[in-house]
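Below: one structure, written as structure tokens.
Protein chains: 2
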Amino acid sequence: MTIPADEMNGVGAASARVAAYLRDLILHDHLKPGDRIRQEEIAEQFGSSRLPVREALRMLEAEGLTEHEANKGARVPRLSMHEVDVVYRMRERLEPLALIESLPALSDDDHAHLEQVQQQIEANDDLDRFLDLDREFHLGTYSGCHIEPLNAIVTRLWNSTQHYRRAYVALGGQARMWVVNAEHRLLLDAVVRRDATDAERFLEGHIRRTRIELSHHPAVFGEEP
Amino acid sequence: MTIPADEMNGVGAASARVAAYLRDLILHDHLKPGDRIRQEEIAEQFGSSRLPVREALRMLEAEGLTEHEANKGARVPRLSMHEVDVVYRMRERLEPLALIESLPALSDDDHAHLEQVQQQIEANDDLDRFLDLDREFHLGTYSGCHIEPLNAIVTRLWNSTQHYRRAYVALGGQARMWVVNAEHRLLLDAVVRRDATDAERFLEGHIRRTRIELSHHPAVFGEEP
DNA sequence: TGACACACGATTGGATCCAAAATCTAGTCC
DNA sequence: GGACTAGATTTTGGATCCAATCGTGTGTCA
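These protein sequence lines map, in sequence, to chains R and C. The opening position of the first sequence corresponds to residue 1437 in my numbering, with each subsequent residue numbered one higher. The opening position of the second sequence corresponds to residue 1437 in my numbering, with each subsequent residue numbered one higher.
In structure tokens form, the structure reads like this:
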């Protein structure tokens, strides 16, 4: 019912606007795993035809945010605990690569921005805001990496696990926030020093610890009737 | 001009048929990096409207086989040597994960099939056939992995580098075919023994060696008039 | 002669209409 | 009473038509 009022509100790509709108809904948990997405419904909210919605759903499918079955429509994918575990293992292996590619290209301004984001994380106590800031922090450390296939896949992995990350933090993960901050600080320091070895190690450890803590919270993955 | 006559020739998904057709063209080098894909042209060949073509192009974009720019159309992406190098590094890190997931689930029949494919590789001397068989061999070793995000990304990485793999083999890589076969044999043996450690090591080494040999052939990436 | 501007052709993006498939409901038969 | 079938509704897939945008080529003016 709410008109998006997104970034590219002007002319150009209506399908991109729809995609941005749906992406936002999914990443902020207004559409949850298992939810069905009806084309007409979205089209109505936009006052557009269903066509841009169809294209948007294809784009989101590319990002791992929706899944599509012929003649049955689009849904937000539901991942099992094991699948999320493997996606985290993928992140452990891939993101250090993006970081290594990015490190030499990050400017002093980039470093300052990361420092500022981390300060906001430490001062913050809102769940949704933390998820946004955490994403901005990590993807920010990769912003010097200009290998498109790698960027696309890293973003995809983040997107497809966002819901479970939220569920975990909401389920008591905040108590471990000091660990997150310590890890972020060590990582950021290595980034500023452009120490690839340390940065890679801290990043992999950070993701790995999160994966293990997630695996101790099977309730996050319990399907509800 | 040739009608696809694909698997799903019946009713259902015309866009999927178009996607399969274009995928085949790209993987077999009838569409090369930099080539533009005109929607109307493809639609005409299929006797369909442009709409399924548009959806097909979105699907292929998801697989990394095409890239799309607003109001400018679709092209087959052209990767720089450095980009291909990074994609190979991604493969080095990701594919062992798929293999580990797959190993315990592979049946004796699967092993027999892999053995047979490898025999065909050793008996073969055709370039295109080698690429098909090599793909079947490696993806076959991952066929026990049922983590969709991982499968999708591995396939994507293979797709986006297929052209350069072909160019490398065509440019004299056949002389090193015995190395490929030795590596495949060691890998296959580890797979049959369900030795995850060895399998992972051999696979990573196999991809790494290919990456390094590719980097010694910059001609593969030189743009031709 | 060079550069800017305008207009035309080519190509993609979006809307509306129609067809096909799937799901849901109700009714009937065993 | 339960289960299967047939029809109606909902939803997606595809075709055709129209609008917007980009690239290009030509012409004119400084």
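Each residue gets a CB set at the ideal place from its N, CA and C atoms; glycine is no exception. For clarity, every value in this text was computed on a predicted model and none was experimentally measured.
Label residue i either buried or exposed according to how many other C-beta atoms from any shown protein chain fall within 10 Å of its C-beta, with 16 as the threshold for buried.
| i | result |
| --- | --- |
| S1543 (chain C) | exposed |
| A1441 (chain R) | Legend: pLDDT at A1441 (chain R) = 35, less than 50; position of this residue unreliable, value from coordinates given subsequently. It counts as exposed. |
| G1500 (chain R) | buried |
| P1654 (chain C) | exposed |
| G1470 (chain C) | exposed |
| H1642 (chain C) | buried |
| D1570 (chain C) | buried |
| G1608 (chain C) | exposed |
| E1531 (chain R) | buried |
Taking residue i as the reference, give the member of the options with the closest Cα.
| i | options | result |
| --- | --- | --- |
| N1595 (chain C) | C:L1461, C:E1640, C:Q1555, C:E1477 | C:L1461 |
| S1451 (chain C) | R:H1652, R:E1480, R:E1491 | R:E1491 |
| R1645 (chain R) | R:I1473, R:L1458, R:R1527 | R:R1527 |
| L1650 (chain C) | C:A1603, C:E1531, C:E1476 | C:A1603 |
| A1611 (chain C) | C:I1643, C:L1563, C:G1658 | C:L1563 |
| E1476 (chain C) | C:V1489, C:M1613, C:R1565 | C:V1489 |
| L1593 (chain C) | C:D1561, C:L1515, C:A1632, C:A1606 | C:L1515 |
| G1658 (chain R) | R:A1506, R:D1521, R:M1613, R:M1517 | R:M1517 |
| W1614 (chain R) | R:D1561, R:L1463, R:N1507 | R:D1561 |
For residue i, collect the residues of the same chain with a Cβ closer than 7 Å to its Cβ; drop the 5 residues on either side in sequence, then sort them by chain order.
| i | result |
| --- | --- |
| A1626 (chain C) | D1634, A1635, F1638 |
| S1538 (chain R) | T1577, Y1578, S1579, G1580, C1581 |
| V1447 (chain C) | For V1447 (chain C), the predicted structure reports a pLDDT of 37, less than 50, and the residue's modelled location is therefore unreliable. A value from the coordinates is still provided. Taken in chain order, the list of residues that qualify is empty. |
| D1465 (chain R) | H1599, R1602 |
| F1482 (chain C) | V1454 |
Less than 8 Å between the CB atoms is what I'm expecting for residue i and residue j, so what's the real figure, rounded?
| i | j | result |
| --- | --- | --- |
| V1454 (chain C) | A1534 (chain C) | Incorrect: roughly 28 Å between the Cβ atoms, too far for contact. |
| Q1598 (chain R) | L1567 (chain R) | 7 Å |
| R1630 (chain C) | P1540 (chain C) | 6 Å |
| R1525 (chain R) | R1647 (chain R) | 7 Å |
| I1473 (chain C) | L1487 (chain C) | About 15 Å; that fails the 8 Å criterion. |
| R1621 (chain R) | Q1552 (chain R) | Not a contact, Cβ separation roughly 14 Å. |
| L1550 (chain R) | L1624 (chain R) | 6 Å |
| I1478 (chain R) | A1632 (chain R) | About 43 Å; that fails the 8 Å criterion. |
| V1656 (chain R) | P1585 (chain C) | Going by Cβ atoms, the distance from V1656 (chain R) to P1585 (chain C) rounds to 17 Å, so no, they are not a contact pair. |
| I1583 (chain C) | E1519 (chain R) | 5 Å |
| R1529 (chain C) | R1529 (chain R) | 4 Å |
So, for residue i: in the same chain, excluding its five sequence neighbours on each side, which residues have a beta-carbon less than 8 Å away from its beta-carbon?
| i | result |
| --- | --- |
| E1558 (chain C) | N1617 |
| E1497 (chain C) | E1503, H1504, A1510 |
| S1484 (chain C) | A1450, V1454 |
| N1587 (chain C) | A1534, Y1578, C1581 |
| R1459 (chain R) | L1496, E1499, L1501, N1595 |
| A1606 (chain C) | L1563 |
Note the first and the last residue of the continuous alpha helix (DSSP H) segment covering residue i.
| i | result |
| --- | --- |
| H1620 (chain C) | 1613 to 1628 |
| E1499 (chain C) | Looking at the DSSP string, E1499 (chain C) is not in any alpha helix (DSSP H), and its letter there is neither H nor E. |
| R1647 (chain R) | 1632 to 1651 |
| Y1604 (chain C) | 1584 to 1606 |
| H1464 (chain C) | Premise fails: H1464 (chain C) is in no alpha helix (DSSP H) and is neither H nor E. |
| P1540 (chain C) | Here P1540 (chain C) belongs to no alpha helix (DSSP H), and DSSP marks it neither H nor E. |
| A1479 (chain C) | 1475 to 1482 |
| L1575 (chain R) | 1563 to 1577 |
First and last residue of the beta strand (DSSP E) that includes residue i?
| i | result |
| --- | --- |
| G1509 (chain R) | 1509 to 1511 |
With a threshold of 6 Å on Cβ separation, who are the neighbours of residue i within its own chain once the five nearest residues in sequence on each side are excluded?
| i | result |
| --- | --- |
| H1547 (chain R) | V1628 |
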